[in-house]
Structure formats: C-alpha cells, structure tokens
Amino acid sequence: MRAIAVVVLALLLSSAAFANSKKDWDDCASNDDDPAIAACTRIITQGKESRANLWMAYGNRGEAYIRKGDYDHALADLGLRLDRDVAIRS
846 MRAIAVVVLA LLLSSAAFAN SKKDWDDCAS NDDDPAIAAC TRIITQGKES RANLWMAYGN
906 RGEAYIRKGD YDHALADLGL RLDRDVAIRS
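Under the numbering used here, the letters of the sequence shown match residues 846 to 935, in that order.
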C-alpha cells in the first residue's frame with residue numbers, strides 16, 4: 846500500500862512540474878515581454894533543458910529584450926545563442 850502511495854505522489858509531482866514547465870515555455874514564447882523574460886530565465890537557470898531548447902530560450906529572451914529596447918541584454922543573449930548554435934551543429 847505504501848508503494849502505491851509513493852508512486853501516486855511521484856506522478857502528481859511530475860505532472861505538476863510538467864505543467865509548470867509548459868507554462869514557462871508558453872510564456873517564454875509570448876510577446877508579453879516581462880513575463881517572457883522571467884519565464885525564459887527560469888528555463889535557462891533550471892539546467893534541465895537540452896542545448897537545442899536552451900538555444901530557443903536564449904533567442905526568445907533576446908527578442909523580448911529587443912522589443913523592450915534593452916539592447917545590451919539582447920546582444921548578450923543572442924551572442925550566447927550564436928555560440929550555442931555552433932555547439933549544436935558540431
């Protein structure tokens with residue numbers, strides 16, 4: 846009985862984590878700049894994504910910074926995206 850409870854708890858926690866991750870990705874890809882930057886930052890700093898997904902998160906965050914006129918942060922993110930693009934292709 847205890848094993849079943851542990852499995853159920855693990856499933857509930859993983860589905861909640863997946864829902865949060867999906868919301869972060871939805872927000873990261875949105876044109877609402879402040880929530881997009883915050884969500885992309887969470888995705889980047891969690892360290893759970895593939896290089897390809899990090900590439901997208903840096904690009905989305907860089908584009909949000911451009912829309913806000915924050916070109917220094919945009920260049921930093923898009924520069925990292927270019928570095929990661931080279932790493933992904935190799």
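Here a beta-carbon is modelled for each residue, glycine too, at the ideal position from N, C-alpha and C.
Measuring C-alpha to C-alpha distances from K893 to each of W870, L923 and G924 identifies W870 as the nearest. Taking the C-beta atoms as reference points, I882 is found no nearer than 7 Å to A902.
The C-beta separation of R906 from D922 comes to about 5 Å, placing the pair in contact by the 8 Å criterion. Within its own chain, the residues whose Cβ lies closer than 7 Å to the Cβ of R887, once the five positions on either side in sequence are excluded, are D869, listed in chain order. Residue burial is scored here from C-beta neighbours: G904 has at least 16 other C-beta atoms within 10 angstroms and is therefore classed as buried.
Residue burial annotation: D872 is buried, with at least 16 other C-beta atoms found within 10 angstroms of its C-beta.
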